[in-house]
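Colleague: Take the sequence shown: its position 58, counting from 1, is numbered 262 in the working numbering, and each next residue is one higher. Even for Gly, the Cβ is constructed at its ideal location relative to N, Cα and C. As the structure is a prediction and not an experimental result, all values here were calculated from the model. If you scroll down you'll find the structure; I have some questions about it.
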Amino acid sequence: MPKNLELFLTFARISASCFGGGYAMLPFFQRELVLKKKWLTDEQLLDLTAVAQCTPGVIAVNTATFCGYRVYGFRGAVFATLGVLFPPILIVLVISAFFWSFAENPWVQYALTGVRACVCALIINSAIKLGKKAILDVPAFLVFLVVFLLAAFVGLSPAILVICAGCFGLAYQKIRKERPQ
205 MPKNLELFLT FARISASCFG GGYAMLPFFQ RELVLKKKWL TDEQLLDLTA VAQCTPGVIA
265 VNTATFCGYR VYGFRGAVFA TLGVLFPPIL IVLVISAFFW SFAENPWVQY ALTGVRACVC
325 ALIINSAIKL GKKAILDVPA FLVFLVVFLL AAFVGLSPAI LVICAGCFGL AYQKIRKERP
385 Q
């Protein structure tokens, strides 16, 4: 199968099979891109997700674009992006034609309550798996803890948190390299 088509179909399948936004896609990205296709390592997926978080736009689209570029250059980025966008566009077009006529239906509300809980569980599962790869030492754990607390209780912008964490990582490595062993 041509690489362009494989990228498109892989991201279309991921996109069509999960609900709840970019973070809900992380376990699907990990299973497809790292475990099955071996296009990325866990560390590369973490890096792409971090960069996707920092750049403007939807995290799932950004991750697909970066991964596509990594696998097959500019053309790969285009096909991966189109793949991740195609199913939601079709689904949203169909749902938008009918949504308001059944949105208040109690059965629909009950189903959405279950789906929201499922998405939260998938996000937590993915965070635990990725955290095991990202939090490897005490400084990384401290960054995790501080960012978690600031995000959860202070409500700082994710962009500010990511920039500050990146600056801390740079400063820490610089100090570590300059300190005699």
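Buried or exposed for Asn309, please, with buried defined as at least 16 other CB atoms from any protein chain shown within 10 angstroms of its CB.
Modeller: Taking the first residue of the sequence shown as position 1, residue 309 is located at position 105. With fewer than 16 other Cβ atoms within 10 Å, it is exposed.
Colleague: Locate the alpha helix (DSSP H) running through Ala355, then write down its first and last residues.
Modeller: Taking the sequence shown and counting its residues from 1, the one referred to as residue 355 is at position 151. Here Ala355 belongs to no alpha helix (DSSP H), and DSSP marks it neither H nor E.
Colleague: For Phe306, which residues of its own chain have a beta-carbon under 6 Å away from its beta-carbon, when the five flanking residues on both sides are left out?
Modeller: The count along the sequence shown starts at 1 and reaches residue 306 at position 102. Val312.
Colleague: Does DSSP put Gly261 in a helix, a strand or coil?
Modeller: The residue labelled residue 261 in the question sits at position 57 within the sequence shown. Correct three-state label for Gly261: coil.
Colleague: Please report the straight-line C-alpha distance between Pro231 and Ser330, rounded to a whole angstrom.
Modeller: Here residue 231 refers to the residue found at position 27 of the sequence shown. Here residue 330 refers to the residue found at position 126 of the sequence shown. Whole-angstrom Cα-Cα distance: 5 Å.
Colleague: Note down the Cα distance separating Pro260 from Arg383, rounded to an integer number of angstroms.
Modeller: Looking up residue 260 in the sequence shown gives position 56. Looking up residue 383 in the sequence shown gives position 179. Going from the Cα of Pro260 to the Cα of Arg383 covers about 37 Å.
Colleague: From this set, Thr245, Asp246 and Phe270, which residue's C-alpha is nearest Gln257's C-alpha?
Modeller: Within the sequence shown, numbered from 1, the residue matching residue 257 stands at position 53. Ranking Thr245, Asp246 and Phe270 by Cα distance to Gln257 puts Phe270 first.
Colleague: Can the beta-carbon of Phe215 be found less than 9 Å from the beta-carbon of Phe278?
Modeller: Within the sequence shown, residue 215 is the residue found at index 11, counting from 1. Within the sequence shown, residue 278 is the residue found at index 74, counting from 1. No, the pair does not count as a contact, with Cβ atoms beyond the cut-off.
Colleague: On the three-state DSSP scale, how would you describe Met205?
Modeller: Numbered from its first residue, the sequence shown carries residue 205 at position 1. Residue state, collapsed to three classes: coil.
Colleague: Count the C-beta pairs between the region 351 to 366 and the region 233 to 252 that are closer than 8 Å, then say yes if the count reaches three, no if not.
Modeller: No: the two stretches stay apart, fewer than three of their Cβ pairs being nearer than 8 Å.
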